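A short worksheet on the structure shown next.
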Amino acid sequence: MSERTKIPSSTSNFEEIVESLEDMIYELDNHGCFKYANASLVKYSGYSKEELQQIPYFKIVKPEQRDELVNFYKNQRDKKQADTYFEFILVAKNGDEIWVGQNVHMSFQDEIVTSIRAVARNINHLKASTEIILNNESQLNELIAHIDLFNQMTLSLHLSEQEQIHQAIEILSTYFELPVGIICKIENDHFHIIDFYTSDSGVKLNAEIGLKNTYCALPYEEKKIISIENTSHSTYEKRESIANFNVKTFIGVPIWVNGKCYGSFNLLSPTPKASSFSKREIEFIWLVCNWLSNVIEKRDYELLLKRQSQLLKDTQNMANIGHWEVDLLQQSIFWSDITKRIHEVEPDFVPTMEAAFQFYDESSKPVISELINHAVTNGEGWECKLGIISAKGNHKWVRTIGSVEWQNEKVSKLIGVFQDFTHEKKQEEELIRAKEEAENASQAKADFLSVMSHEIRTPLNAVIGLAHILLEEKPQDHQLENLNTLKFSAENLLSLINDILDFNKLEAGRVDIEAIDFNLLDTIKGIKQSLVLRAKKQPIDIQTRIDIKVPEYVKGDSTRLSQILNNLTGNALKFTSEGHIIISAHVTEETQDTISIQFSVKDSGIGIANDKHEQIFNKFSQAEIETTRKFGGTGLGLAITKKLINIMGGEIRVESILGEGANFFFTLTFEKSNKKAVEETKSNISDISNESLKGVSILLVEDNIVNQMVATKFLDMWEIQVDTAENGLEALSKVSEGTYDLILMDLQMPEMDGYTASREIRAMGGDFNKIPIIALTASALSDIRSNVLEAGMNDFVSKPFNPKDLFEKISQNLNKELSKTNSASPKPKPKPQFINLAKLEALADKNIPLMIKLLQTFTQEMMKFKDRYIEAMKQKDIDALKSAHHKISPTLKMLEIRLLETQIAKGEDLLSTEDYDQRAMTNNVMNVKQLTNTIIDLCHKKLNTL
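The sequence shown runs 1 to 946 under full-length UniProt numbering.
Pasting the structure below:
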């Protein structure tokens, strides 16, 4: 395809208006080929723009008229006549014929035609009307004369549009012998007279009349021609506007502009017409009104174009958009005022090609050079963002758009726009910075949650662990109640933390849903089994009802389904004092690849008021204020459940009547699994052998002394040989020197964390790659599993851990079976001592008052030491820390308080370096604080016995 004949698409507002006009607008080159055609010509001709550029112009002219048309325009060319009008029949691609009235403008340069532009209009209606009117020539001489007069008037180039409209009213008024002619426009429920022909001095231009007060409203209201030869004999006789203005003859036509009723054209007389309006008369006035519609539409377009042109100019000023033009033939360049303003040059500055190029900054010069060369060579435009240095030395960012113009099959001009978007660029950079800050804030939030999770779970691990240990040591009845309360409260706090962290992960969209094979029936039964003991205490009967069509295996996320069912069943237990809970599942829909299953959890509990059915799924919300006080909970369980179900593609609903229980139900769709029901080969907790973990060697890597003590206590109870390390570096040293069956690795530690230590162990190669490493983590972040596995660890246990879970993890990773008789609850061993009070008793020599005085003095000194130590670490004051240590050191040595001594020494080491490890310092302070509090508590208990 020749680039010369490519018909450019419109981008400017002006071109958009031209494209939307009903008139056919096109431009020919001096060879008679199309250079441009608007959408209207494409519509009437049936040829696409691409097809038009392949055929000569005369191809769309009826063959019988081609010679006449060619001679007509040759004559125009020879006479150097700029403007002409010609009517011919356009033959569409499908053979349809359309009468076209065409105004042609020829441009000449040195007596050569440089361009031919045409505006053509479909005049089928005019031709058809003319033919109808001229059927009976003898009766239509006068009509023909007026039509001819009307045609001459419409074709006159000397009359303005307003003058043409006025003459059209006069022609119709004279033809119909009706002395008053008025054109009205409707605006804001009023008619405005835009032109008239009458001798009546009472009619005023631009007069405003209410719709109900004028006869002009008749054709507008009824949206059709109203013709009344004698109003006295019509239904309009009593109409107020007819009577008030003494109208006897009336004909009115609605004027349509752009598909809407614009107003009306009206002719009237105070005397009745002798005969009714003929069909030809009505068609004549209809023809003129159609022309009026086109004229008004054109005028409105021109006004719109003028306003848009001004608006575009104003917009360019506001948006800092200038335009430019490069004449490649003349080697000249034009800049608009705004383009000059962007470059910060004087208004009289005359740009040159070289000067324009030099304004671009160094990084943009090769870019614009390549764009211009490509445009000239290939005829393709560009749009890009470049940097310039203005005449005043200011760096600016500009958006430049360029396109090409052709002449004689060569690119002759480059034209385009130039916009200064320096301010927007700065805003964009600020937005990028803001986005980065938001992402950093989000990461900070995640880090905060990780730290808070660790910091809260770490002491909870000690509390829950010690509670388990003390419960295994056969406490007295009054102690048993206190320990159970302690254990329940700690686990309730852990549940609260887990709920908050889970909800945060859901809110942040950080929950991934798996699609793996799992045993659905075992999952449901497992939920029942995990809660059945708790249910029997209330007493509540937990039942499962599973449809026989529910498959044993499906593909989905068993963990999330378990969490959902566990939340719902746990809720049911909480709000049901006695009765039953039914967990059910039945198939609702099945396809070749998927199966939809409705799950429900129904209870006989307290129920939910009807107006609270939606509220209970909101975060931190429960059905009643009293519920929290009476039953506890965070108000997050159902919110988490709903979000999980939504993520999995389902929706949860509830049916409940207050006092009659509740039924929560939801439907999830799973992929079908190819896995068949097979006998499980893995060891089951209920089918475990008597073999224990006796003699297993484990390295426990844990920096928190209390957590180290609790874990060691459990491992000792299971007759495991335990060695300890307080950080990753110490762990590496011990692993390289000793032989261990398994490593329990804390993740967040000073000097070297668990991730790094695990990678280093794996990097040792050989048997070190085979040692099972189980992570001990207080973090609840969703990516903890992937991080642990990526670091080379085999598994992880969340802190605070259940002793049974720890035992199972160790057994599984050592490929040992669990022991029925000696699992997570073996006989306890004596507790390690924090302080040797026997030394103090020997010093008192059975003198109880002296013993009391010594204990009181020691506890006071310990409290002072704790405060001094914390403040010294906070201020990073090693001298103050050493002074506090020096003052209490003799007492610590005498009473064999070795654990505290070790932590104090570690604190001194941390403050001895210039690069402070804030994380390690925080852990150290927490350890010292816990140890001193424990020692003080032991002293108080001793005082209570004296």
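No residue lacks a Cβ here, since even glycine has one placed at the ideal position from N, Cα and C.
Since the structure is predicted, the reported quantities are computational estimates derived from the model, not experimental observations.
Spell out a yes or no on whether the region 288–297 and the region 168–179 are touching, meaning 3 or more CB-CB pairs, one atom from each, closer than 8 Å.
yes
Reduced DSSP category for S336 - H, G, I as helix; E, B as strand; rest coil
Along the sequence shown, one-based indexing puts residue 336 at 336. Coil at S336, not helix or strand.
Looking at C-beta atoms only, is the number of pairs between the region 367–378 and the region 345–354 that lie closer than 8 Å three or more?
no
Take K74 and list the residues in its own chain whose beta-carbon comes closer than 6 Å to its own, dropping the five residues that flank it on each side.
Residue 74 sits at position 74 when you count from the first residue of the sequence shown. Once the five neighbours on either side are set aside, K74 has no close Cβ partner at all.
Residues bridged to F176 [DSSP beta-bridge criterion]
If you number the sequence shown from 1, residue 176 lands on position 176. DSSP output for F176 lists no bridge partner at all.
Beta-carbon proximity list for R868, same chain, < 6 Å, skipping 5 on both sides
The sequence position of residue 868 within the sequence shown is 868, counting from 1. Around R868: A884.
Consult DSSP for Q930 and reduce its assignment to one of helix, strand or coil.
Stepping through the sequence shown from its first residue, residue 930 is reached at position 930. Reduced to three states, the DSSP call for Q930 is helix.
Cβ pair N103, V119 closer than 8 Å
Counting from one through the sequence shown, the residue named residue 103 turns up at place 103. Counting from one through the sequence shown, the residue named residue 119 turns up at place 119. A contact, by the Cβ cut-off of 8 Å.
F108, buried or exposed, once every other Cβ within 10 Å from all chains shown has been counted against 16:
For the purposes of this step, residue 108 is taken as the residue at position 108 of the sequence shown. F108 should be labelled exposed.
Tell me, to the nearest whole angstrom, how far the beta carbon of E325 is from that of K413; I am working on the premise that it is less than 8 Å.
Mapped onto the sequence shown, residue 325 falls at position 325. Mapped onto the sequence shown, residue 413 falls at position 413. Right, the Cβ-Cβ distance comes to about 6 Å (below 8 Å), so this counts as a contact.
Count the other CB atoms, across all protein chains shown, that sit within 10 Å of the CB of A905; report buried if there are 16 or more and exposed otherwise.
The residue given as residue 905 occupies position 905 in the sequence shown. A905 comes out exposed.
Go to N122, then tell me how far its beta strand (DSSP E) extends in each direction, as first and last residue.
Here residue 122 refers to the residue found at position 122 when the sequence shown is read from its first residue. N122 -> beta strand (DSSP E) spans 112–122.
Residues near K713 by beta carbon distance below 7 Å, same chain, minus five either side
As a working mapping, residue 713 is identified with position 713 in the sequence shown. Same-chain partners within the cutoff: I469.
Flag this pair as yes or no: are the beta carbons of T544 and K574 separated by less than 8 Å?
Position 544 of the sequence shown, counted from the start, is the residue given in the question as residue 544. Position 574 of the sequence shown, counted from the start, is the residue given in the question as residue 574. Not a contact, by the Cβ cut-off of 8 Å.
Using 8 Å for Cβ pairs, my map puts N124 next to W99. What's the rounded Cβ distance?
Locating residue 124 in the sequence shown gives position 124, counting from the first residue. Locating residue 99 in the sequence shown gives position 99, counting from the first residue. N124 to W99, Cβ: 5 Å. Contact.
Would you check if the distance between the CB atom of G792 and the CB atom of D753 is smaller than 8 Å?
The residue labelled residue 792 in the question sits at position 792 within the sequence shown. The residue labelled residue 753 in the question sits at position 753 within the sequence shown. Going by C-beta atoms, G792 is not nearer than 8 Å to D753.
List in chain order: all unbroken alpha helix (DSSP H) runs of 4+ residues lying wholly within the region 269–303.
none
Which same chain residues end up closer than 6 Å to residue 997 when comparing Cβ atoms and leaving out the 5 residues on each side of it in sequence?
Only positions 1 to 946 of the chain appear in this structure, which leaves residue 997 out of reach.
Quick check: I513 and M648, are their CB atoms within less than 8 Å of each other?
For the purposes of this step, residue 513 is taken as residue 513 along the sequence shown, with counting starting at 1. For the purposes of this step, residue 648 is taken as residue 648 along the sequence shown, with counting starting at 1. For I513 and M648, yes; Cβs fall inside 8 Å.
In this structure, does DSSP put E514 in helix, strand or coil?
Translated into positions along the sequence shown, residue 514 becomes position 514. Reduced to three states, the DSSP call for E514 is coil.
Could you please give the first and the last residue of the uninterrupted alpha helix (DSSP H) stretch that includes Y360?
On the sequence shown, residue 360 is found 360 positions in, with the first residue counted as 1. Counting along the chain, Y360 falls outside any alpha helix (DSSP H), and DSSP gives it neither H nor E.
Apart from the five residues just before and just after D83, which ones in its own chain have a Cβ nearer than 6 Å to its Cβ?
Numbered from 1 along the sequence shown, position 83 holds the residue referred to as residue 83. Cβ within range, chain order: H105.
Per DSSP, what kind of secondary structure is A207 in: helix, strand or coil?
Numbered from its first residue, the sequence shown carries residue 207 at position 207. Coil, per DSSP.
When you compare only the Cα positions, how much space is there between T249 and A207?
As a first step, residue 249 must be located in the sequence shown, where it is residue number 249. As a first step, residue 207 must be located in the sequence shown, where it is residue number 207. Distance between the alpha carbons of T249 and A207: 22 Å.
Among L881, G32, Y36, which one has its Cα closest to the Cα of P26?
Mapped onto the sequence shown, residue 26 falls at position 26. The residue you asked about is not Pro; residue 26 is Tyr in the sequence shown. Ranking L881, G32, Y36 by Cα distance to Y26 puts Y36 first.
So is F14 buried or exposed if we call it buried at 16+ other beta carbons inside 10 Å?
Numbered from its first residue, the sequence shown carries residue 14 at position 14. Per the 10 Å Cβ criterion, exposed.
Spatially closest choice to I194 from M749, E22, Q162, by CA coordinates
What you label residue 194 is simply residue 194 of the sequence shown in a count that begins at 1. The candidate whose alpha carbon is nearest that of I194 is Q162.
Using the three-state DSSP reduction, which class does N30 fall into: helix, strand or coil?
Indexing the sequence shown from 1 puts residue 30 at position 30. Coil.
Would you check if there are 3 or more beta carbon pairs closer than 8 Å linking the region 526–535 to the region 650–665?
no
What residue ranges within the UniProt domain "PAS" (10–80) form continuous alpha helix (DSSP H) runs of no fewer than 4 residues, ordered along the chain?
13–20, 39–45, 49–52, 63–78
Per DSSP, F599 is paired with what?
Your numbering for residue 599 matches position 599 in the sequence shown. Per DSSP, A585, F666.
With C-beta atoms as the reference, is L568 less than 8 Å away from F664?
As a working note, residue 568 is residue 568 in the sequence shown. As a working note, residue 664 is residue 664 in the sequence shown. Contact: yes.
Is the CB-CB distance between T667 and T588 below 8 Å?
Residue numbering aside, residue 667 sits at position 667 when the sequence shown is read from its first letter. Residue numbering aside, residue 588 sits at position 588 when the sequence shown is read from its first letter. Going by C-beta atoms, T667 is nearer than 8 Å to T588.
Please look up how many angstroms separate the CB atoms of Q721 and V696, rounded, as I've assumed it's under 8 Å.
As a first step, residue 721 must be located in the sequence shown, where it is residue number 721. As a first step, residue 696 must be located in the sequence shown, where it is residue number 696. Confirmed, about 7 Å.
Beta-carbon contacts of T724 that lie in its chain and below 8 Å, excluding the five residues immediately before and after:
In the sequence shown, the residue the question calls residue 724 occupies position 724. L699, L700, V701, E702, Q708, T712.
What is the DSSP secondary structure of D879, reduced to helix, strand or coil?
Position 879 of the sequence shown holds residue 879. Correct three-state label for D879: helix.
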